[in-house]
Amino acid sequence: MNLSRTARATLWAALAGGLAVIYVPLLVVLLNSFNADRTFGWPPTGFTLRWWAAAWNSTGVRDALWTSVQAGLGATAIALVLGTMVAFAVQRYSFFGRDAVSLLIILPIALPGIVTGIALNNAFRTVLEPFGVGLGMFTVVVGHATFCVVTVYNNVLARLRRLGASVEEASADLGADAFTTFRLVTFPMMRSALLAGGLLAFALSFDEIIVTTFTAGAGVKTLPLWIFENLFRPNQAPVVNVVAAALIVLSVVPIYLAQRLSGGGASAR
Amino acid sequence: MTRALRRRLAAFLHRHAGVRLSLLLSAPMLWLGVAYLGALAALFLSALWSTDTFTGDLVKEVTWANFQELLTAEVYRTITLRSVGVAAAVTLIDLVIAFPMAFAMAKLASPRAQRWLVIAVLTPLWASYLVKAYAWRVLLSSDGVLGWGYGLTATVITLSYLWLPYMILPIYAGLERLPNSLLEAAGDLGARGWRTFRTVVWPLAFPAVIAGSIFTFSLSLGDYITVKIVGGRSQLIGNVVYDNIGAAGNLPFAAAVATVPVVIMLVYLAAVRRTGALENL
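Heads up: the protein sequence lines correspond to chains C and V, in order.
All residue numbers in the first sequence are consecutive under the UniProt record's numbering, ending with 269.
All residue numbers in the second sequence are consecutive under the UniProt record's numbering, ending with 281.
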């Protein structure tokens with residue numbers, strides 16, 4: 001392509017500038033977590049590890065983290081089962097309404113979070129409350145699982161598409177019944193897709209705040225809810241900032257794992 | 001399960017594809033098809049109800065009053081237009097930033113560098129939404145690094161930042177699929193950079209651009225958290241829904257307001273369906 005030297009330089013500069021815009025705000029949060037000044041005066045006057053210690057010892061942070069992990073694991077487990085079942089149905093069978101089914105799976109993340117949030121809130125309160133089940137961990141897990149199914153579904157569907165059915169047919173020809181084939185042939189071949197999908201589901205749940213706001217009730221506080229609640233309290237600012245910095249550092253982990261699992265490729269949400 | 005029973009069950013399943021399919025679809029469809037769709041339907045039906053002004057109880061009689069108020073009251077029209085304006089501005093800003101970035105990634109970088117650049121763009125997607133909005137709250141605060149203060153502009157900046165990777169990745173994927181030979185052919189026929197862009201690159205990358213815009217537009221349209229964090233006193237559609245369900249306890253009106261972003265998105269999706277963008281998602 002005959003791009004002029006200036007055009008090339010401009011494009012490279014745009015790329016570098018864009019990446020800088022993406023990373024500088026995150027770096028500022030990281031630096032501020034060591035900023036000795038309570039109100040993050042800029043430039044920092046001194047460096048301290050005090051806030052990291054304060055965050056580590058904060059029971060609010062610890063409880064919220066544990067709640068988020070529980071909710072994430074619950075939602076991921078349900079999403080793994082439901083997502084795999086739909087992916088098999090859509091990929092291996094052709095039936096009336098198949099396109100509608102795949103649209104239905106995407107719907108919970110395609111609609112604005114607040115719509116899903118208030119719809120579930122309304123349903124839980126009308127259907128569950130008469131049975132004495134209030135808003136709490138159970139409803140958070142149900143809400144999260146609803147929009148996490150799509151990540152597992154996408155990963156398993158892509159894997160099944162690539163595999164084809166011939167290996168399973170071979171297994172059946174060799175005399176294995178449906179259960180044995182699933183245990184010895186299908187499942188091992190899907191394992192990394194399930195891991196990748198589960199990882200995405202967990203990350204999605206771990207980060208979610210809008211649906212959580214409407215399904216959590218009074219007693220349950222996930223980490224995003226804790227951050228949002230303390231964001232506007234000036235005396236909590238340093239601890240909030242440390243939690244934010246820690247989450248930025250932690251966000252590298254799933255990227256690393258996803259890279260190892262899929263061997264590259266842009267498997268975004 | 002005994003061995004014989006298991007074998008008979010497996011054989012039965014093997015013979016009856018319909019039963020296998022129904023079993024596979026049963027739980028997911030009960031969850032998403034019945035429970036989730038049911039909840040959505042109930043929500044939008046309740047938009048046709050009202051609440052008693054004195055007791056705050058639901059009055060389950062069909063009325064179009066909520067939608068009437070939504071359409072006639074000046075304040076809701078302003079907020080709707082403002083929300084659409086914010087979503088459009090965010091989409092436009094992201095497009096202007098993302099396109100050159102995606103082009104440099106797809107067409108100028110070496111394959112090795114490409115892999116790393118994709119990771120570099122993908123990594124911030126995993127950083128928490130709240131953390132990123134918070135980062136801009138710190139940057140924009142009056143004694144922060146930038147110190148521009150909060151408001152609608154701050155909201156547009158922060159939302160553009162949040163959804164930028166959602167614009168870069170589809171455009172990158174679209175440009176990567178575009179064969180280099182086409183660009184070379186355009187060059188051989190005498191087209192310079194700008195003309196190649198206008199007549200070859202842009203038309204072919206357009207579905208990818210639309211795919212990206214679906215993300216940036218819909219994510220901005222439904223947002224109410226970022227506005228609370230950096231928006232100062234500004235209000236978007238999401239805030240109206242939130243305030244009506246929380247403080248006011250007026251579910252029917254909240255439901256009616258919630259239909260607005262859904263309808264706008266459906267119109268948008270219908271409008272862009274012909275570009276083939278939906279297959280690019």
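No residue lacks a Cβ here, since even glycine has one placed at the ideal position from N, Cα and C.
The structure displayed is predicted, hence computed values, not measured ones.
Which residue from V/Ser50, V/Pro170, V/Gly38, V/Ala4 puts its Cα closest to that of V/Ala211? If we check each option's Cα against that of V/Ala211, V/Pro170 comes out closest.
Interface partners of V/His14 on chain C, CB under 9 Å: Simply Ala172, Asp177, Ala178.
Which listed residue (C/Val240, C/Met189, C/Val28) has its alpha carbon closest to that of C/Leu261: Nearest of C/Val240, C/Met189, C/Val28 to C/Leu261, Cα basis: C/Met189.
How far does the alpha helix (DSSP H) with V/Tyr161 in it extend, from its first residue to its last? Counting along the chain, the unbroken alpha helix (DSSP H) around V/Tyr161 starts and ends at 152–177.
Could you pull out every residue in the same chain whose Cβ sits closer than 7 Å to the Cβ of V/Val145, ignoring the five residues on either side in sequence? If we look at V/Val145 and ignore the five residues flanking it on each side, its Cβ neighbours are Leu139.
Given a cut-off of 9 Å, decide if C/Ala193 and C/Val185 are closer than it, judged by their beta-carbon atoms. Contact: no.
Reduced DSSP secondary structure (H/G/I, E/B, other) of C/Phe34: Note: C/Phe34 maps to coil in three-state DSSP.
Select from V/Pro28, V/Val19, V/Arg20, V/Thr226 the residue whose C-alpha is nearest the C-alpha of V/Ala154. It is V/Thr226.
Compare the C-alpha of C/Ala9 against each of V/Leu175, V/Tyr36, V/Ala104, V/Leu182 and name the closest. The candidate whose alpha carbon is nearest that of C/Ala9 is V/Ala104.
Applying the criterion that 16 or more other CB atoms from any shown protein chain within 10 Å of the CB defines a buried residue, is residue 327 of chain C buried or exposed? In the structure as shown, chain C starts at 1 and stops at 269, and residue 327 of chain C therefore has no counterpart that could be examined.
So V/Ile168 and V/Met101 are supposed to be a Cβ contact under 8 Å. How far apart are they, rounded? Approximately 6 Å separates the beta-carbon atoms of V/Ile168 and V/Met101; this is inside 8 Å, confirming the contact.
Using a threshold of 9 Å, state whether the C-beta atoms of V/Val90 and V/Val34 are closer than that. The Cβ atoms of V/Val90 and V/Val34 do not sit closer than 9 Å to each other.
Look up V/Leu58 in the DSSP assignment and say whether it is helix, strand or coil. Judged by DSSP in its simplified three-state form, V/Leu58 adopts strand.
Quick check on this structure: which residue in V/Leu13, V/Ala4, V/Thr2 has the alpha carbon closest to the alpha carbon of C/Pro172? The residue asked about is misnamed: residue 172 of chain C is Ala in this sequence, not Pro. Per the Cα distances, V/Leu13.
Quick one, are the C-beta atoms of V/Leu159 and V/Ser220 less than 9 Å apart? The Cβ atoms of V/Leu159 and V/Ser220 lie closer than 9 Å to each other.
Rounded to the nearest angstrom, what separates V/Gly193 and V/Leu178 at their Cα positions? Rounded to the nearest angstrom, the two C-alpha atoms are 16 Å apart.
Residues from the region 56–82 of chain C in contact with chain V, defined by Cβ distance under 7 Å: When C-beta distances to chain V are compared with 7 Å, the residues of the region 56–82 of chain C below that value are Leu82, in chain order.
At a threshold of 8 Å, does V/Tyr150 count as lining the ligand NAD (C-beta to nearest heavy atom)? This structure simply doesn't include the ligand NAD, nor any ligand for that matter.
Interface residues of chain C facing V/Ile229 [CB-CB closer than 7 Å]: Under the 7 Å cutoff, chain C gives Leu231.
Which residues of chain C have a Cβ atom closer than 7 Å to the Cβ of V/Ala104, listed in chain order? Close partners of V/Ala104 in chain C (Cβ separation under 7 Å): Leu11, Trp12, Ala14, Leu15.
I need the straight-line Cα distance from C/Pro112 to V/Ser218, nearest angstrom please. Approximately 7 Å between the Cα atoms of the pair.
If contact is defined by three or more beta carbon pairs under 8 Å, each pair taking one atom from either stretch, is the region 85–103 of chain C in contact with the region 144–164 of chain C? Touching, yes, given that three or more Cβ pairs across the two stretches are closer than 8 Å.
Going along chain V, which residues have a C-beta under 9 Å from C/Leu26? Residues of chain V passing the Cβ test: Pro124, Ala127, Val131, Lys132, Ala135.
With 16 as the cutoff for other CB atoms within 10 Å, does C/Gly265 come out buried or exposed? Low local confidence applies: a pLDDT of 43 at C/Gly265 is under 50, so the model's placement there is unreliable, and no value is given.
Of all Cβ atoms in chain V, is any one closer than 9 Å to the Cβ of C/Gly197? No, its Cβ sits nowhere closer than 9 Å to a Cβ of chain V.
Grab me the residues of C/Pro224's own chain with a C-beta within less than 7 Å of its C-beta, minus the 5 sequence neighbours each way, in chain order. Same-chain partners within the cutoff: Asp207, Glu208, Ile209, Thr212.
Closest Cβ-Cβ distance between V/Ser50 and chain C: below 9 Å? With 9 Å as the cut-off, V/Ser50 does not count as an interface residue toward chain C.
Just mark V/Leu236 as buried or exposed, buried being the case when its beta carbon has 16 or more other beta carbons within 10 Å. V/Leu236 is buried by the Cβ-count criterion.
Chain V within 9 Å of C/Phe34, Cβ atoms only: C/Phe34 does not count as touching chain V.
Would you check if the region 127–143 of chain V and the region 196–205 of chain V touch, i.e. whether three or more CB-CB distances between them fall below 8 Å? Contact between the region 196–205 of chain V and the region 127–143 of chain V is absent, because fewer than three Cβ pairs lie under 8 Å.
When the distance is taken between beta carbons, is C/Ile22 closer than 9 Å to V/Trp126? No, the Cβ-Cβ distance between V/Trp126 and C/Ile22 is not below 9 Å.
Please state if the CB of C/Thr180 and the CB of C/Thr146 are separated by a distance shorter than 9 Å. No. Outside cutoff.
Grab the span of the alpha helix (DSSP H) containing C/Val149 for me, first residue to last. That run of the alpha helix (DSSP H) goes 137–163.
Report the three-state DSSP secondary structure of C/Ser4 (helix, strand or coil). It is coil, neither helix nor strand.
Contact criterion: CB-CB distance below 9 Å. Does V/Pro28 meet it with respect to chain C? Chain C contact via Cβ: present.
State the DSSP-derived secondary structure class of V/Trp110, mapped to helix, strand or coil. The sequence given here has Ser at residue 110 of chain V, not Trp. V/Ser110 carries a coil assignment under DSSP once its states are collapsed to helix, strand and coil.
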